[in-house]
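Notes follow the structure.
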Amino acid sequence: MVLKEVRDKGKHQKLLFKIIIEKDSFFISTKCRDHKEPILIDIGSIVSSYVDKETMEKMKATCKLIYKQKTKELF
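Residue numbers for the sequence shown, in our numbering: 165 to 239.
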């Protein structure tokens, strides 16, 4: 589910990337010109080597709360 589309400030406001949320994780979705499909980057996998297990669990819990709220907004 898309949380935010990030666009440039130019005339055409081209899409740079999207922030996507799933039940327990955040992703950055970007698409390069040479690729047909977007590339998904799991933010949790990047930060997990810099934080402890407890912090990762808090991040997952936060994702779950945001996901539930966003789902309620859509329906």
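Every residue gets a Cβ at the ideal spot worked out from N, C-alpha and C, and that includes glycine.
Check	Outcome
Under a Cβ-count criterion, where at least 16 other Cβ atoms within 10 Å of its own Cβ denotes burial, should residue 271 be classed as buried or exposed?	Because the chain is modelled from 165 through 239, residue 271 falls outside the range shown and cannot be assessed.
Would you kindly report the start and end of the unbroken alpha helix (DSSP H) that includes residue 221?	217-238
With respect to the alpha helix (DSSP H) encompassing residue 209, which residues constitute its N-terminal and C-terminal limits?	207-211
Which same chain residues, not among the five before or five after residue 194, have their C-beta less than 6 Å away from its C-beta?	181 and 203
In the structure shown, what three-state DSSP assignment does residue 168 receive?	strand
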